[in-house]
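A quick write-up on the structure given underneath.
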Amino acid sequence: MKMSPFRTAFAVILALSLPSPLLAQQKAAPSAQPAPALSQAPAAPVQAPAAADATATSAEGRSLRSTPAVPRELSPWSMFQSADVLVKAVMIGLAFASLVTWTIFIAKMVELSVVQRRLRAALGKIGEARSLAEAQFALGAKDSVLSSLLAAAMREARLSAGISSDAGIKERAASSFAEIVRAEARRIRLGMGLLATIGATSPFVGLFGTVWGIMNSFIGISKSQTTNLAVVAPGIAEALLATALGLVAAIPAVIIYNHFARVTKGYLELVGRASGAAGRLLSRDLDRTHVGGAHARAAE
1 MKMSPFRTAF AVILALSLPS PLLAQQKAAP SAQPAPALSQ APAAPVQAPA AADATATSAE
61 GRSLRSTPAV PRELSPWSMF QSADVLVKAV MIGLAFASLV TWTIFIAKMV ELSVVQRRLR
121 AALGKIGEAR SLAEAQFALG AKDSVLSSLL AAAMREARLS AGISSDAGIK ERAASSFAEI
181 VRAEARRIRL GMGLLATIGA TSPFVGLFGT VWGIMNSFIG ISKSQTTNLA VVAPGIAEAL
241 LATALGLVAA IPAVIIYNHF ARVTKGYLEL VGRASGAAGR LLSRDLDRTH VGGAHARAAE
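Numbering-wise (UniProt numbering), the sequence shown opens with residue 1 and increments by one.
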């Protein structure tokens, strides 16, 4: 049956306005796709920690490889602790020598200042004395080198009583004075020989410790088969510390020795003045004795 154009157009419009089954299936397919995603969603958190751990492990490995090695602390105390036994012994010996140097310095400074002040005061007291007895009375019972000189002069005068040769008495008294001066010089120089020894030998002792430490460092280089400065530097620094301690002990010892040599020389000059003063007093007593004897003979 042949359709009219009107009916044909109406059928086409109706077909276009009604949804077809194919379009309904295509529209339903996207809405059905999220269902498997929801069913697989619990599996995602199970795999995520493994991936995160792998990422963290690789990142940690890279950070460990990229982090530089922390260098050793090179303070004097840490170098001393890590040094060889022989180098430690050298350092301890040099430190003890430095302690002895400063102990001698303090003790000798106090001693020299005290004896110089006492001797100057004693010389001032006997400056106006006319005889040995008067000089001893002015000094009192103080124990000093001048008291020893006066006692030696009086002893020689007493032992030489009845001898008319004044030259012999003065010569024997001068010999006693020289012995007292030498004894005082030995006493006042006590400890200075140790200062000279420390000043002369400490650099070489420190150098011995340095040579020994550097030798051990080269042995360590040969064992490690590396020339990296970070490996070599600590051992060489420990060895050089011994030389530094040797200089620390030697330089003050030499300076202090030279200072005490000058101060001791000045004090011994004062002792020489005291010896001369005792000799002059003895000579006055001898002359006074001869004059008194001559007057007595003349009166007879």
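Note that beta-carbon positions come from the ideal geometry of N, C-alpha and C, so glycine has one too.
Per the contact definition of three or more C-beta pairs closer than 8 angstroms, is the region 102-122 in contact with the region 83-94?
With the cut-off at 8 angstroms, the region 83-94 and the region 102-122 do not touch.
For Ser98, name the three-state secondary structure that DSSP assigns.
Three-state result, Ser98: helix.
Under 8 angstroms: do the region 148-156 and the region 269-281 share three or more Cβ pairs, one atom per stretch?
As far as the Cβ criterion goes, the region 148-156 touches the region 269-281, which means the pair count is three or higher.
Could you tell me the alpha carbon to alpha carbon distance between Ser160 and Ala253, rounded to whole angstroms?
CA-to-CA, the gap between Ser160 and Ala253 works out to about 48 angstroms.
Have a look at Ala121 and Ala196 and give me their C-alpha separation to the nearest angstrom.
Per the coordinates, the alpha-carbon of Ala121 lies some 31 angstroms from the alpha-carbon of Ala196.
In or out: Val114 buried (at least 16 other Cβ within 10 Å) or exposed?
Taking every protein chain shown into account, the CB of Val114 has fewer than 16 other CB atoms within 10 angstroms, so this residue is exposed.
For Gln225, does the count of other Cβ atoms within 10 angstroms reach 16, so buried, or fall short, so exposed?
Under this definition Gln225 is an exposed residue.
Taking only the alpha-carbon atoms, compute the straight-line gap between Leu282 and Lys170 and give it to the nearest angstrom.
If you take the alpha carbons of Leu282 and Lys170, they lie about 8 angstroms apart.
Terminal residues of the alpha helix (DSSP H) in which Ile169 lies:
From DSSP, the alpha helix (DSSP H) with Ile169 extends over Asp166 to Ile188.
When you compare only the Cα positions, how much space is there between Val205 and Ser144?
Rounded to the nearest angstrom, the two C-alpha atoms are 41 angstroms apart.
Ordered along the chain, which non-local residues of its own chain (more than five positions away) have a Cβ less than 7 angstroms from that of Gly199?
So the list reads Ala250, Ala253, Val254 and Tyr257, once near-sequence residues are dropped.
Is Val90 closer than 8 angstroms to Leu194 when the C-beta atoms are compared?
Note that the C-beta distance between Leu194 and Val90 is not below 8 angstroms.
CB Ala138 to CB Ala278, shorter than 8 angstroms?
No; because the gap between Cβ atoms is not below 8 angstroms, this pair is not in contact.
Grouping DSSP H, G and I as helix and E and B as strand, with all else coil, what is Asp287?
Of the three classes helix, strand and coil, the one that applies to Asp287 here is helix, per DSSP.
Just checking: is the beta-carbon of Ala133 within a distance shorter than 8 angstroms of some beta-carbon in chain B?
Within the model displayed, chain B is absent; a lone protein chain is all it includes.
For Gly206, name the three-state secondary structure that DSSP assigns.
Helix at Gly206.
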